[in-house]
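Peer 1:
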Amino acid sequence: MKYNIRSRVWDDEGRPVRHTSIAQGQYCVSDDPDAVITTVLGSCVAACIRDPHRGIGGMNHFVLPKSPTPLPEHCDPYRYGDHLMPRLIDALIARGAKPERLEAVIFGGASTFESFYNVGERNRDFALDFLFAQGVAIMDAPRVGALGCRLEYWPVSGKLVQTPLGATKARRRKPLSQ
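The numbers in my numbering rise by one with no breaks, and the one at position 18 of the sequence shown is 59.
1) Alpha carbon to alpha carbon, how far is residue 61 from residue 74? Give it in angstroms, no decimals.
2) Name the DSSP beta bridge partners of residue 122, please?
3) Give a yes or no on whether the minimum CB-CB distance between residue 151 and chain B is below 8 Å.
4) Could you work out which residue in 91, 83, 127 is closest to residue 188 when comparing CA atoms only?
5) On the DSSP letters alone, give me the boundaries of the beta strand (DSSP E) that residue 82 sits inside.
6) Once the 5 residues before and after residue 81 are set aside, which same chain residues still bring their CB inside 6 Å of it?
7) With a threshold of 16 other CB atoms inside 10 Å of the CB of residue 44, please say whether the residue is buried or exposed.
8) For residue 111, count the other beta carbons within 10 Å of its own beta carbon; 16 or more makes it buried, fewer makes it exposed. Which is it?
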């Protein structure tokens, strides 16, 4: 990971939490029950993937589904789903997650502008197809609206808070599994 912002704040129950903010082309994996990973999405996609039995999870944030071939010399390959999705899963497995227990929620894929390419939908379709091919259980893939969202993910519990951009109140989601 190239860039992290870490801060210590309090959650709704008064417990300290450690925020890690990820940007395009980044991912984060944690088994810390007080960790929350955050990002802001538009047409980009974030995969929130966890092994609930091991108590470990992570999130990534990619910009486009597939990298150009050949990859240009100064191009960051992790901006592309075909590089970042396997990287997140490999990092989870390296930390003790079992592939057959992984479960995922996909966010993002907003259609922020009317376009022929519709990058948001293509990103979303890529993530769903990739996870299906890997045998990862897809728990949910909610639409995020035309403007995108701010996402907060507690990788150990699976708790998710999605705040649509332009909205004033967060939409809370229950943990992936308990």
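Ideal placement from N, C-alpha and C gives every residue a C-beta, glycine not left out.
Peer 2: Here's the rundown:
1) Mapped onto the sequence shown, residue 74 falls at position 33. Mapped onto the sequence shown, residue 61 falls at position 20. Cα-Cα distance, rounded: 13 Å.
2) As a working mapping, residue 122 is identified with position 81 in the sequence shown. In DSSP, residue 122 forms no bridge with anything.
3) The structure shown contains no chain B; it holds only a single protein chain.
4) The count along the sequence shown starts at 1 and reaches residue 188 at position 147. The option with the nearest alpha carbon to residue 188 is 83.
5) For the purposes of this step, residue 82 is taken as residue 41 along the sequence shown, with counting starting at 1. 76 to 82 is the extent of the beta strand (DSSP E) around residue 82.
6) Position 40 of the sequence shown, counted from the first residue, corresponds to residue 81. Closer than 6 Å at the Cβ level, and outside the excluded window around residue 81, lie 191.
7) The sequence position of residue 44 within the sequence shown is 3, counting from 1. With a pLDDT of 32 at residue 44, under the threshold of 50, the modelled position of that residue is not reliable, and the figure given next carries that caveat. With fewer than 16 Cβ atoms within 10 Å of its Cβ, residue 44 is classed as exposed.
8) On the sequence shown, position 70 is the one that residue 111 refers to. Looking at its Cβ environment, which holds fewer than 16 other Cβ atoms inside 10 Å, residue 111 is exposed.
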